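This report refers to the structure that appears directly beneath it.
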Amino acid sequence: MARENVPLIVTHVIARVLRNGVQTRLGKYRNWPDERLLISDPVALAEERTSKLRRIFDNAGRDAWDGPRLFREAMEKHGGIQLSQEKRLALAQPVTDLMWGELAAWLVSAELAERIDDVDAKLAATAQVFDEARHFYTLRDYLAAMHVPVPKIDPYMGVAVRRLLAARDLVVKLFAMQILAEGAAVAIFRFLIKNEVEPVLCELLPFFERDESRHVGFGVLYLPQVLRELPVRRLKRIRNTTWGIGDLFGATQLRNAQRYQALGCEPRDLIRSADKMLFELGEKIGPIPGTDLRFFNVNPTGDESYEKVLDVIAPAKDQEPSFWARRSKNVIDLGARVL
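Residue numbers (the numbering used here): 11 to 349.
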C-alpha cells in the first residue's frame with residue numbers, strides 16, 4: 011500500500027462508517043439495543059419470581075424431541091405406513107394442511123420473537139420457533155412416506171394462512187396463531203390420536219400435541235396483559251380479523267369431513283372438541299374490556315341450539331342432509347372453487 015494513498019483510504023473508511031451510521035439511525039433498529047431489557051436483580055436467583063412465560067421456555071428445552079429419529083423408529087416399528095390407497099388419499103389432505111400450517115406457525119413465531127418487547131414472552135416465542143420447525147419437517151417426511159400425490163393446500167386454509175402472515179398488527183398474529191390456530195391444532199391432533207387413524211402418525215402426534223399445548227399456554231398467559239393496554243376500537247378490529255380467520259379454519263375442517271369419514275372417524279366429534287376448546291380459551295382471555303363482546307364467535311357445546319347448528323354444517327354420515335345442510339355444503343364448495 012503506497013504511503014500517499016493512506017489519507018484517501020482513511021477518508022473512504024470514515025465515509026463508509028458515517029454512511030452506515032446515518033442509515034442505522036434511520037432504520038428499524040435505530041434505537042437498538044433496548045435498555046428496558048435490563049434488570050436490577052438476577053431473575054435466576056429468585057425462583058418464586060420466575061415468570062410462567064420463562065418456564066414455558068425452560069419446558070420447551072426439557073421436552074425437545076428428535077423428529078427424524080422418532081420418525082425412523084415409528085416407521086421401523088410399524089413396517090411403514092400400512093393404509094389402503096383410498097385411506098392414504100383421504101389422510102393426505104389434512105396432513106398437507108397441517109404441514110403448511112406448521113410452516114406458517116414457524117414464520118409467525120419467528121416474527122413474534124423479534125417484535126415482542128417482553129423478554130419472557132420473547133423467550134417463549136423463541137422456543138416455539140424450534141418446535142414449529144420440527145413439526146414442519148417431521149410432517150413433510152411423513153407426507154413423503156405416504157407415496158401419494160401431495161394435494162394443494164385447501165383453498166380456505168391457504169387464504170387463512172396468507173391473511174395471518176400478511177397481518178401487520180402483532181396482536182392479531184398473537185391471537186390468531188397462539189389461541190385460534192394452535193388451539194385448533196391441539197383438537198385435531200387429539201382427534202386423530204383418539205381415532206388411531208394410522209400407527210406411525212399416532213406415534214408422533216403426542217409430541218406435537220404437547221408442544222402445541224405449551225404454545226396455547228403462551229397465548230393465554232401473555233395476551234390478557236397486552237389486551238388491557240389497547241383501546242376498544244383497536245380491540246374490535248382485532249376481533250373482526252380473528253373471526254374472519256377462524257371462519258376460514260372452520261371451513262377447512264368442514265371440507266375435510268368426508269375424508270375423516272373415509273378414515274373411519276366422525277368429524278362431528280372434531281368440531282365439538284375444537285369448539286369446546288376455543289370457547290374455553292375465549293373465556294380465559296375474557297371479553298373486550300368494558301364490553302360483553304367475546305373474541306371468538308363460538309357457541310358453548312352444551313347450548314341447546316348447538317346440535318341443531320351441527321346438523322346443518324356437518325350432518326352425521328347416516329343422517330339424511332336437510333335442505334339447509336345441502337345448501338351449506340354447496341356454498342362452502344363454491345367458495346373453495348372461487349378462492
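Note that CB positions come from ideal geometry on N, CA and C, so glycine has one too. None of the values given here were measured: they were computed from a predicted structure.
Distance, Cα to Cα, residue i vs residue j?
i    : j    : result
V105 : L149 : 7 Å
A197 : G300 : 31 Å
Q329 : R336 : 12 Å
G256 : Q188 : 12 Å
L344 : S338 : 10 Å
A56  : K62  : Only weak support is given to the placement of A56: the predicted model assigns it a pLDDT of 46, under 50, and the value that follows is read from those uncertain coordinates. Roughly 13 Å separates the two Cα atoms.
L184 : G229 : 7 Å
A84  : M156 : 14 Å
V182 : L231 : 16 Å
L352 : R65  : Any question about residue 352 goes unanswered here, given that the chain covers just 11 to 349.
E86  : L273 : 23 Å
Q103 : V160 : 8 Å
Note down, in chain order, each residue of its chain lying with its Cβ closer than 6 Å to the Cβ of residue i, except the 5 sequence neighbours on either side.
i    : result
W270 : Here residue 270 is Tyr; the residue named in the question, Trp, does not match the sequence. Correct list, in chain order: P277.
D221 : D141
Report back the beta-carbon spacing between residue i and residue j to the nearest angstrom; my notes put them in contact at under 8 Å.
i    : j    : result
L117 : L175 : 6 Å
T262 : M167 : 4 Å
A170 : F259 : 5 Å
A191 : A120 : Actually they do not touch by this definition, with Cβ atoms about 15 Å apart.
H7   : P165 : There is no way to answer for residue 7, as the model of the chain reaches only from 11 to 349.
L214 : R125 : Not quite, the Cβ-Cβ distance comes to about 31 Å (not below 8 Å), so this is no contact.
I295 : P241 : That belief does not hold up - the Cβ atoms of I295 and P241 are roughly 17 Å apart, past 8 Å.
Output needed for residue i: all residues of its chain with C-beta closer than 7 Å, excluding positions within five of it in sequence on either side, in chain order.
i    : result
P216 : I203
G193 : V226, M287, L288, L291
E293 : none
E206 : C212
A123 : K132, A135, T136, V139
R249 : I298, L303, F305
E245 : Glu is not the amino acid found at residue 245; the sequence shown has Leu there. Cβ neighbours of L245 beyond the five flanking positions: L237, I298.
Please state whether DSSP places residue i in a helix, a strand or coil.
i    : result
M156 : coil
N250 : helix
N69  : helix
L273 : coil
T311 : coil
V118 : helix
Q329 : coil
In chain order, what residues of the same chain have a beta carbon less than 8 Å from the beta carbon of residue i, not counting five sequence neighbours either side?
i    : result
A324 : L264, A267, P277, R278, I281
N309 : D285, F289, S315, Y316, V319
W334 : V322
R247 : D179
For residue i, is the beta carbon positioned less than 6 Å from some heavy atom of the ligand SAM?
i    : result
K339 : Among the components of this structure there are no ligands whatsoever, and the ligand SAM is therefore not found.
> Are there three or more Cβ pairs, one per stretch, closer than 8 Å when the segment 138 to 148 is compared with the segment 77 to 88?
Replying inline: yes
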